[in-house]
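Peer 1:
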Amino acid sequence: MSGISRRRFLRGVLGGTVVTVGLPILNCLLDDSGRAFAATGKRIPVRFGTWIWGCGMIDRLWVPEQEGTDYALPPHLEPIAPYRDRIAVLSGFDVVLDGVPNKPHVTGCLGLRTGIPTPDLEVKAPTLDVLVADVIADTRFRSIEVCSAGIERSYSYRDAGSPNPSETSPLALYRRIFGEGFVDPNAADFQPDPRDLVHKSVLSAVSEERRALLAAVGAEDRHRLDEYFTALRELEQKIALQLEPPAPVENFQKPEPPPETPVDAEIEHVLENHRLMAQLLARALQANQTRVFNVLFSDTASNLRKPGTSSTHHTLTHEEPVDPELGYQREVAWFAARSMEAWRDFLDALAAIPEGDGTLLDHCLVFAHSDCSDAKAHAVEGIPMMVAGSAGGRIRTRLPPQGPGRRHLPGGAHPDAGHGGEHRSLGYAVHGDQPPPRRAARLKRPCRVPWRRPEGGWMRILLVEDDPQLGDTVRRALAAEGYAVDWLADGAGLEAALACEAVDLLVLDVRLPGRSGIDLLRALRSGGPRIAGAVAHRLRRHRGQGARARRRRRRLPHQTLRDG
Amino acid sequence: MRGKSWRIAIALFVVLLAPGCGERPEATAEPSPVGGPALIRRLTESQYRHTLADLFGPEAPVVARFERELRAHGLIAAGTSEAGISAFAMEQYDAAARALADYLLAPERRAAYLPCTPRAEVAFDADCAARFVARWGERLFRRPLTEAQVARYVDAARTAAATLGDFHEGLEYALVGLLIAPQFLLRIEHVEPDPARPGGYRLDPWSRAERLAFFLTDSTPDEALLAAAASGELDTPEGLARQVDRLMGLARFEDAVRAFFRDMLEFDRFADLAKDAQIYPAWTPEVALDAQEQTLRDLVWHLVREGGDYRDLFVLGETHMTRALGVLYRQPVPPRQGFARIPLSHDGSRLGIQSHLSFLALHAHPGRSSPTLRGKAIREIFLCQEVPDPPPNVNFSLVQEGPGARPTARERLAAHNTEPACAGCHKVMDPVGLALENYDGAGIFRREENGAPIDASGFLDGTAYEDAAGLARALRDHPETPRCLVEKLYRFAVGRDTVWGERAYLDWLVEAFARAGYRVPELMRTIALSEQFFAIAPPAERRWAARTVTLEEDRP
C-alpha cells in the first residue's frame, strides 16, 4: 500500500520520468485534520521549511544500518538523538537525472527541489518551498531565506530569473523581521497606522497598470511582468496585515537584537550565526511573520573552512586522501559531523518554543537535504534527506516499520531495479520511529492539483517523444518559450503521469515504440475528459544541425586544444 | 621603465588623431540591420542609484539593500532582460521609495521639487498635483505619462491627502507609487515601424533615448535627451549624433565605462569573497574596495582620459594605488590618503589589469591561489572562450591540489594534463593560470612556494612565454582579445546575448574598432550610432515544424 505512495512521492520529487513534485507533502499540509489548538482558540498554523547542507555525507557514518523503528543511530546522526521520534531519515533515494548532465553541487539540489533536473541554475519549475508558500503563506513575509555561511544566495526560485536572496547577517535578519513594520502580536494598544492604509491604496493604484502593460508585450515578457505584479501583490497583502490587529501569540516575547557578528565561512562563525539566525527564525515563525523558510547552512559546494587552512570543506572532498585506517576522509568527515550538529541546533531552536500542547517543531515540517551523497564523486544517487516535525500531527515521520525498500546498496542494484523506467533507483530505506499511518488510504492517493499558477503564467506541457535528441530539443525549445515541460520517453508511464499531474497540453509523438500516439490518445480519451488539449505530431530530426549548433556554442578554437 | 616611452608616444599619437577620427569615412558600411527583440530590462543597482541622484540630487537617500544581480551570458547587463523581481527586492524598492519621498517632500525641501505652489496647505489642489505627477512621472518613466496614468496617480494623491489631512503627504504617496511602478523599475521597450526599412521595426524615440542614456551614462535620460525624443531630433542621423556626442561629453560617461568593466570583470563577486585572516593578514575589507577602485581608475584613466588602446590594458605598467594596497603590492605610496599614480612594481615585472589584486584575489581560493580558476577567468572574461564544467564523475584523487608532498601548484596539477578526462579543458586553463603563480591567493608577489622556485612559463593559444609579463603581452596580441571586448560591449549595450544573425554586424564592429585604434569610447559611439542598436526583429519564427494531426473526434 504505502509503498506505492512513497515510490510515487520520490519519483515525483526526484524523478524526471514522472514529475509530481512532492504532492503527498502538500496533501498533508492542506489536509485540515490538525488537532492542535492554541489556548487563544485559534488553530496553530503549519509551517514549512527546508534546511540545506552542502557536500553530502559519509555513507558509513550517516546511513542507518536497519530500517524501521528501532534503527541504531550511526555516528553522524547521534546529535539528533533527542529528536529521533520526530525525524524520518531517508537514505538510498536517487535524483533520477534522465540523461541531464550533472552539474556538480547544483543538479542534485535543484533537481530535488523542482522535480526536474537541469544542467545549470536555469530551473524549469518553481522550487518546492515556493509552491508551498503559494498555498499556506498569508503572513507578512512570503518566506524568509537565510544563509549562515556568508553567501547571499538561496536555492529558492519562483523562476530562473528570480531567485530569492538569503539574509547572511543575524543583525540584518533581526532588523528585517523585528524592525520597522513589525507589530507585536501581544501589544495591548493596537492602532492601525493611517499611513499604512494610504500606502496600500497607492500600491493598488500601481497594480491597475497591469492590464494595460500585459496587453502591450509578448508572452515571455508577460510572464516576467506577472512576476513583478505578484511581488507587488505580496507587498500589498503584507501591508494589509499591518492594518489588522494581530492574533495574540502565547509565550511570545520580542527577541533582543543579536550582536554584530563576523559574516564569513569560518566554521565557528558559521555555527554561531546559524544558531542566532535559527533562534530569530523560530521567533518569526512563532509570531506569524512567515510560514515558510529556507536555511542554507553551507553552500552546496560547501565553503566551510577552518581558520588558517588553505582548503575548504568542498576542496577537501576532492583533495584529501582516504585515511587507510578509517576508510574515509578524516577532515571531510569532521565537516560532515559539524553539519549534523548544526541541524541539531536548528531543531533545538524550533523545539525550544512551546506552542499548544507541544512545541513549534511539532507544527513545522522541515525538509533537510544535501546536494549529493558522496561529494568526491558528486554522486546524486543515495542523496541524503530528512523530514522533521509533524506538521501539526498531519504528517508522520512515522513511516512503516518495514518499508518495501531496501537499504541503499552502494554500487549494487536493488532487487526491484531493472524493470523499466519506473524503478530505476537503487533501492531505498526509510528510517522512522513511528507506527504505520492509520490513514494510509489518504496517503495512497497519488496527487492533487499542485499549485496555483500565476495568472497568465506558464502552461504545463507533457511531451511524449522516444527520440532522445529530438525530445530534448523540443523540451528545451518549449521551456525557452516559458512552458513547464515534462518529458516521457514512451507511452508506458503516460497514464500514471496524467493521474498525478494537471497537464494543460499533451504533445504526443505519432510513432512511439510499440504503439501509435493516436491510439494512445484515443485510449486516453475513452478514459474520460481529463485532457484539455492534445497534439499528435510527427517530428523529423535534421541531421547535422545539432552538431553545428553545439560547435557554435563552444567557442574554444580548435587550435587551442591542439596546442595543448 | 621599459616600454614607457613608446606607450606615451602612442598615447600622444592617438590623442592627436582623436579629433579627426569621428569624421573619417567608414571603410565599409554597416550591414543591413537584423534587429533583436524589444526587451524588458530591470534597472541595475548602479542605474537605479544614478537615476535617483540625477533626478533628486546626490544627497537623496537610497535606503535599500540590493540583492545580488543575475548574471547571464557572462554579463549582469544581459541578465537584466531575464531577471525578475523577487518579493525581497520589492520590499527593498518600497522601503527606498518611502524614505526618498519622505525626504524630498519634507517642509524644508519640498519647494525645490514642486512645480507649483498649492493654493492651500490642506485642501487638495488637483491642478498642482497633476503637474507634480506629470513632471516626475515623465522623468521616472522616461516618457510622458498618458492622461489616464496622471489621473491614476492624482487620485492616489487625493485619497492619501484626504486620509492624512495634508496635501503634501498626498503628493508624497503619489511619488512612492511612481518610484515602485513597473515603468520605473523595468525598462519596458516600445516598438514602432521603421520608416527606413518597410516591414522592419525599431524602438520608438523614448525607448531609443532610454537605450542611449543607460548605455552612455549608466543613468536615466536627461531633460535634453527627452526633449530630443519628443521633438523628433533622434529620428535624424545628425540629431542622433549630436545627442550621442553630448552624452559622451558628460561626466556620467565615465560612470558608464566603469559600469561596463565592473560588470565584465565580475566585481559583483567581491560581495562573497573571503580571505583567510591568518594566511593573508594584509587582506582587509578596505583592500578589497581599494583593489576594485584601482582597476576602475586605471581603466578610466587609460581608455577615456588618455584615449588609449584597449589592448594596452594588459601591459600597463602604471597604476593608481592607496597605501593599503601598497602593502600588498610591496610598493611605497607617498600620499597618506587617496590614490597616487605610481608604477605597478619596482622592476616592471607586473603588467596589466590581469595582474591587479582585483583579478588575482577574486579568482583564487580563500587560503591559496588557483591556476585553474585564474586560467578559466582569463579565457572567459578576456577572450570569451567558454570553458565547460568538469565532468561530474571525475576521480579527483588524482589531482593533489591541496598542500601535500608536492611543493608547487604545477606539480600538484600534473594529473590535469595526463588524465584524458581532465586534460581536454585543463590544458586550456592551467598553463594560463600557472603563469600567474608568482602571485599568491591574495595577489602578493612570491618567488617560491613551499621552498621550491615557481616556474611561470607556459603558452597561450600558440604563443609561448616565460612569466606573467609574457602572458600579458600574449594576451595583448591575442586576436580574440579585441573581438571579445566588442562582443561584450555590444551585449552590454543591448542587454542580451548576441545571436547568430548578428555576426556580420559584429565583424563590422570589430573592424571599426581596429580602425579606430582600439579606442573604447569610439567603439561605444559606433554602436550607439549604428542602425542595429535600435532595430527590432519581427516576431520570432518557429524553429521547427510540427504537423498537427486532428482526431476525427475533434472535428466539429
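First to last, the protein sequences are chains H and W.
So the first sequence is numbered by this note's numbering: it starts at 68 and just counts up by one.
So the second sequence is numbered by this note's numbering: it starts at -15 and just counts up by one.
From the three backbone atoms N, C-alpha and C, an ideal C-beta is built for every residue, glycine too.
From a predicted model like this one, the values you see are computed outputs, not experimental measurements.
Kindly give me the distance between the Cβ atoms of P193 of chain H and R220 of chain H, rounded to whole angstroms, as I take these residues to be in contact under 8 Å.
Peer 2: Taking the first sequence and counting its residues from 1, one reaches residue 193 of chain H at position 126. Taking the first sequence and counting its residues from 1, one reaches residue 220 of chain H at position 153. With 8 Å as the limit, P193 of chain H and R220 of chain H do not qualify as a contact, their Cβ atoms being about 16 Å apart.
Peer 1: I need the DSSP call for T64 of chain W, collapsed to helix, strand or coil.
Peer 2: Counted from its first residue, the second sequence places residue 64 of chain W at position 80. Three-state DSSP puts T64 of chain W in coil, outside helix and strand.
Peer 1: Threshold first: 4 residues or longer. Then list the alpha helix (DSSP H) segments lying entirely within the stretch 331 to 357 of chain H, N to C.
Peer 2: Those alpha helix (DSSP H) runs which fall completely within the stretch 331 to 357 of chain H and span 4+ residues are 334 to 353.
Peer 1: In the stretch 269 to 292 of chain W, which residues sit with their C-beta less than 9 Å from some C-beta in chain H, listed in chain order?
Peer 2: Answer set for the stretch 269 to 292 of chain W: empty.
Peer 1: Taking 9 Å as the cut-off, decide whether the C-beta atoms of G425 of chain W and R352 of chain W are in contact.
Peer 2: Position 441 of the second sequence holds residue 425 of chain W. Position 368 of the second sequence holds residue 352 of chain W. Yes, these two residues count as a Cβ contact at 9 Å.
Peer 1: In whole angstroms, what is the alpha-carbon distance linking V311 of chain W and F249 of chain H?
Peer 2: To locate residue 311 of chain W, count along the second sequence from 1; it is residue 327. To locate residue 249 of chain H, count along the first sequence from 1; it is residue 182. Their backbone Cα atoms lie some 46 Å apart in a straight line.
Peer 1: According to DSSP, simplified to helix, strand and coil, what is F298 of chain W?
Peer 2: Along the second sequence, one-based indexing puts residue 298 of chain W at 314. F298 of chain W: helix per DSSP, three-state reduction.
Peer 1: Below 7 Å on C-beta distance, what does A255 of chain W contact in chain H?
Peer 2: As a working note, residue 255 of chain W is residue 271 in the second sequence. Simply E219.
Peer 1: If you follow the alpha helix (DSSP H) that L162 of chain W is in, where does it begin and where does it stop?
Peer 2: As a first step, residue 162 of chain W must be located in the second sequence, where it is residue number 178. Looking at the DSSP string, the run of the alpha helix (DSSP H) that includes L162 of chain W is 151 to 164.
Peer 1: If you follow the alpha helix (DSSP H) that W484 of chain W is in, where does it begin and where does it stop?
Peer 2: By 1-based counting over the second sequence, the position of residue 484 of chain W is 500. Unbroken run through W484 of chain W: none, as it is neither H nor E.
Peer 1: Let me see if you follow: with CB-CB separation under 9 Å, is V160 of chain W close to chain H or not?
Peer 2: Against the second sequence, residue 160 of chain W aligns to sequence position 176. Yes, because at least one Cβ of chain H sits closer than 9 Å to the Cβ of V160 of chain W.
Peer 1: Which residue spans inside the stretch 250 to 322 of chain W form an unbroken alpha helix (DSSP H) run of at least 4?
Peer 2: With a minimum length of 4 residues, the continuous alpha helix (DSSP H) runs that stay inside the stretch 250 to 322 of chain W are 269 to 283, 307 to 313.
Peer 1: Take R55 of chain W and list the residues in its own chain whose beta-carbon comes closer than 7 Å to its own, dropping the five residues that flank it on each side.
Peer 2: In the second sequence, counting from the first residue as 1, residue 55 of chain W sits at position 71. Taken in chain order, the residues that qualify are G63.
Peer 1: Is there a Cβ of chain H sitting closer than 9 Å to that of L312 of chain W, yes or no?
Peer 2: Here residue 312 of chain W refers to the residue found at position 328 when the second sequence is read from its first residue. No, its Cβ sits nowhere closer than 9 Å to a Cβ of chain H.
Peer 1: Mind checking the stretch 133 to 150 of chain W against chain H and listing, in chain order, the residues whose C-beta falls within less than 8 Å of any C-beta there?
Peer 2: Hits within the stretch, in order: Q133, R136, Y137, D139, A140, T143, A144, T147, L148.
Peer 1: Does chain H have any CB closer than 9 Å to the CB of C5 of chain W?
Peer 2: For this step, residue 5 of chain W is matched to residue 21 along the second sequence. Residue confidence is low: C5 of chain W scores 43 on pLDDT, short of 50, so the model does not pin down where it sits. Its coordinate-derived value is still stated next. False, the Cβ-Cβ gap to chain H never drops below 9 Å.
Peer 1: Output yes or no for whether 9 Å exceeds the beta carbon distance between G584 of chain H and L572 of chain H.
Peer 2: Translated into the one-based positions of the first sequence, residue 584 of chain H becomes position 517. Translated into the one-based positions of the first sequence, residue 572 of chain H becomes position 505. It is not a contact, given that the beta carbons lie outside the stated cut-off.
Peer 1: Any contact of the stretch 257 to 272 of chain W with the stretch 303 to 318 of chain W, i.e. 3+ C-beta pairs under 8 Å?
Peer 2: In short, these stretches touch, since the Cβ pair count reaches three.
Peer 1: Buried or exposed: where does C100 of chain W fall if 16 or more other Cβ atoms within 10 Å of its Cβ makes it buried?
Peer 2: For this step, residue 100 of chain W is matched to residue 116 along the second sequence. Burial call: exposed.
Peer 1: Just to confirm before moving on: does the CB-CB distance between F434 of chain H and W129 of chain H stay below 9 Å?
Peer 2: Residue mapping note: residue 434 of chain H aligns to position 367 of the first sequence, counting from 1. Residue mapping note: residue 129 of chain H aligns to position 62 of the first sequence, counting from 1. Not in contact: F434 of chain H and W129 of chain H (Cβ atoms no closer than 9 Å).
Peer 1: With a CB to CB cut of under 7 Å and the five nearest residues on each side skipped, what residues in its chain are close to R52 of chain W?
Peer 2: Your numbering for residue 52 of chain W matches position 68 in the second sequence. Cβ neighbours of R52 of chain W beyond the five flanking positions: D252, A255.
Peer 1: May I have the straight-line CA-CA distance separating P177 of chain W from P326 of chain H, to the nearest angstrom?
Peer 2: As a working note, residue 177 of chain W is residue 193 in the second sequence. As a working note, residue 326 of chain H is residue 259 in the first sequence. Cα-Cα distance, rounded: 60 Å.
Peer 1: Going by beta-carbon coordinates alone, are Y222 of chain H and L157 of chain H separated by less than 9 Å?
Peer 2: As a first step, residue 222 of chain H is located in the first sequence; it is residue number 155 there, counting from the start. As a first step, residue 157 of chain H is located in the first sequence; it is residue number 90 there, counting from the start. In this structure, L157 of chain H does not lie closer than 9 Å to Y222 of chain H by Cβ.
Peer 1: Are the stretch 264 to 276 of chain H and the stretch 128 to 147 of chain W touching, with three or more C-beta to C-beta distances below 8 Å?
Peer 2: Yes: at least three Cβ pairs fall under 8 Å.
Peer 1: Let me confirm a value: D553 of chain H is counted as buried when at least 16 other C-beta atoms fall within 10 Å, else exposed. Which label applies?
Peer 2: Indexing the first sequence from 1 puts residue 553 of chain H at position 486. Classification for D553 of chain H: buried.
Peer 1: Comparing C-alpha positions only, which one of W:G336, W:T35, W:L469, W:R136 sits nearest to A279 of chain H?
Peer 2: The residue labelled residue 279 of chain H in the question sits at position 212 within the first sequence. Comparing Cα-Cα distances from A279 of chain H to each of W:G336, W:T35, W:L469, W:R136, the minimum goes to W:R136.
Peer 1: For a quick check, are the C-beta atoms of L240 of chain H and I450 of chain H less than 9 Å apart?
Peer 2: Taking the first residue of the first sequence as 1, we reach residue 240 of chain H at position 173. Taking the first residue of the first sequence as 1, we reach residue 450 of chain H at position 383. It is not a contact, given that the beta carbons lie outside the stated cut-off.
Peer 1: Over what stretch of residues does the alpha helix (DSSP H) that includes P189 of chain W continue unbroken?
Peer 2: Translated into the one-based positions of the second sequence, residue 189 of chain W becomes position 205. Taken as a continuous stretch (DSSP letters only), the alpha helix (DSSP H) holding P189 of chain W covers 189 to 201.
Peer 1: In chain H, which residues lie with their C-beta within 7 Å of the C-beta of T72 of chain W?
Peer 2: To locate residue 72 of chain W, count along the second sequence from 1; it is residue 88. Going by the sequence as given, residue 72 of chain W is Phe instead of Thr. N231, P232, listed in chain order.
Peer 1: Out of curiosity, what's the CA-to-CA distance linking R49 of chain W and L283 of chain W?
Peer 2: The residue you call residue 49 of chain W lines up with position 65 of the second sequence. The residue you call residue 283 of chain W lines up with position 299 of the second sequence. Cα to Cα, the separation comes out at about 28 Å.
Peer 1: Is the CB-CB distance between G175 of chain H and V447 of chain H below 9 Å?
Peer 2: The residue given as residue 175 of chain H occupies position 108 in the first sequence. The residue given as residue 447 of chain H occupies position 380 in the first sequence. Yes, they are a contact pair.
Peer 1: Among the residues of its own chain, which have a CB less than 6 Å from the CB of D390 of chain H, if the five just before and after it don't count?
Peer 2: For the purposes of this step, residue 390 of chain H is identified with residue 323 of the first sequence, where counting begins at 1. Taken in chain order, the residues that qualify are R397.
Peer 1: Could you give the residue range of the beta strand (DSSP E) that holds N231 of chain H?
Peer 2: As a position in the first sequence, residue 231 of chain H is number 164, starting the count at 1. Element bounds for N231 of chain H: n/a, residue is neither H nor E.
Peer 1: Distance check for P237 of chain H and I244 of chain H, CA to CA, integer angstroms please.
Peer 2: In the first sequence, residue 244 of chain H corresponds to position 177, counting from 1. In the first sequence, residue 237 of chain H corresponds to position 170, counting from 1. For I244 of chain H and P237 of chain H, the distance between alpha carbons rounds to 11 Å.
Peer 1: Do V202 of chain H and S210 of chain H come within 9 Å of each other at the CB atom, strictly closer than that value?
Peer 2: Working through the first sequence from its first residue, we reach residue 210 of chain H at position 143. Working through the first sequence from its first residue, we reach residue 202 of chain H at position 135. Not in contact: S210 of chain H and V202 of chain H (Cβ atoms no closer than 9 Å).
Peer 1: Our contact map puts Y77 of chain W next to L169 of chain W with C-beta atoms below 8 Å; I'd like the distance itself, whole angstroms only.
Peer 2: One-based indexing of the second sequence puts residue 77 of chain W at position 93. One-based indexing of the second sequence puts residue 169 of chain W at position 185. Right, their Cβ atoms sit about 6 Å apart.
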